[in-house]
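Comments concern the structure below.
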């Protein structure tokens, strides 16, 4: 006889955790599909957008800054940045403040690709979330604020 209790499984299958996972999976699948036409993954888009956003605020943008701002671990960010650099979407060079660090900037091709991706993502954002209650964005903001205070 299985040690898995049917009531526990039933409770989980109807939980907020499972519902959130299903919503996220659907959202991510659709986002991935739309970005595929640009040959970009969502994490690559996140990195491009983060590099550009940070470059507006700072004279030098480093890989560490990007990893923190994009909320991606340093090794994953490095792998994505390397790939984007090989595809001539990012310039990667020794930092001015610390030559051992890697500074980043978008190439012209990177800026063009980011703008195309922003057009797609912003349209998708409007199309996808407009199906839900208008209070959802505020609820997501509230949940995010709570999650950021927890350290697991």
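Residue numbers (my numbering): 1055 to 1206.
By construction, the Cβ of each residue, glycine as well, lies at the ideal position given by its N, Cα and C atoms.
Note that the structure is a prediction, hence the values are computed from the model and not measured.
Open item on the list: Under 8 Å, with one C-beta from each stretch per pair, do the region 1126-1137 and the region 1167-1186 reach the 3-pair mark?
Closed with: no
- [ ] Closer than 8 Å by C-beta to residue 1096: which residues in its own chain qualify, once you throw out the five before and the five after it? Chain order, please.
- [x] Taking the chain shown and counting its residues from 1, the one referred to as residue 1096 is at position 42. Closer than 8 Å at the Cβ level, and outside the excluded window around residue 1096, lie 1082, 1085, 1086 and 1089.
Task: Distance between residue 1071 and residue 1137 (C-alpha atoms, nearest Å) - done: For the purposes of this step, residue 1137 is taken as the residue at position 83 of the chain shown. For the purposes of this step, residue 1071 is taken as the residue at position 17 of the chain shown. Going from the Cα of residue 1137 to the Cα of residue 1071 covers about 33 Å.
Task: Neighbourhood of residue 1115 by C-beta, 8 Å cutoff - its chain only, sequence neighbours within 5 removed - done: Counting from 1 along the chain shown, the entry for residue 1115 is found at position 61. These residues qualify, in order along the chain: 1105, 1108, 1109, 1157, 1158 and 1159.
- [ ] Give me the Cα-Cα distance between residue 1185 and residue 1074, rounded to the nearest whole angstrom.
- [x] Position 131 of the chain shown, counted from the first residue, corresponds to residue 1185. Position 20 of the chain shown, counted from the first residue, corresponds to residue 1074. Distance between the alpha carbons of residue 1185 and residue 1074: 16 Å.
- [ ] Could you tell me whether the Cβ atoms of residue 1117 and residue 1146 are closer together than 9 Å?
- [x] Taking the first residue of the chain shown as position 1, residue 1117 is located at position 63. Taking the first residue of the chain shown as position 1, residue 1146 is located at position 92. Cβ distance < 9 Å, so residue 1117 and residue 1146 count as in contact.
Open item on the list: Measuring alpha carbon to alpha carbon, tell me which residue in 1064, 1196, 1178 and 1197 is nearest residue 1080.
Closed with: Here residue 1080 refers to the residue found at position 26 of the chain shown. That would be 1178, whose Cα lies nearest to the Cα of residue 1080.
TODO: Name the one or two DSSP bridge partners that residue 1146 has.
DONE: As a first step, residue 1146 must be located in the chain shown, where it is residue number 92. DSSP lists 1158 as partners of residue 1146.
TODO: May I have the straight-line CA-CA distance separating residue 1057 from residue 1068, to the nearest angstrom?
DONE: Position 3 of the chain shown, counting from 1, holds the residue named residue 1057. Position 14 of the chain shown, counting from 1, holds the residue named residue 1068. Rounded to the nearest angstrom, the two C-alpha atoms are 20 Å apart.
Open item on the list: In the DSSP assignment, the alpha helix (DSSP H) including residue 1112 goes from what residue to what residue?
Closed with: Within the chain shown, numbered from 1, the residue matching residue 1112 stands at position 58. It is not in any alpha helix (DSSP H) - residue 1112 carries neither H nor E in the DSSP assignment.
TODO: Going by CA-CA distance only, name the one from 1193, 1064, 1113 and 1164 that's closest to residue 1093.
DONE: Along the chain shown, one-based indexing puts residue 1093 at 39. Measuring from the Cα of residue 1093, the nearest candidate turns out to be 1164.
Task: Outcome for residue 1175 when other beta-carbon atoms lying within 10 angstroms are tallied against a minimum of 16 - done: Numbered from 1 along the chain shown, position 121 holds the residue referred to as residue 1175. Under this definition residue 1175 is a buried residue.
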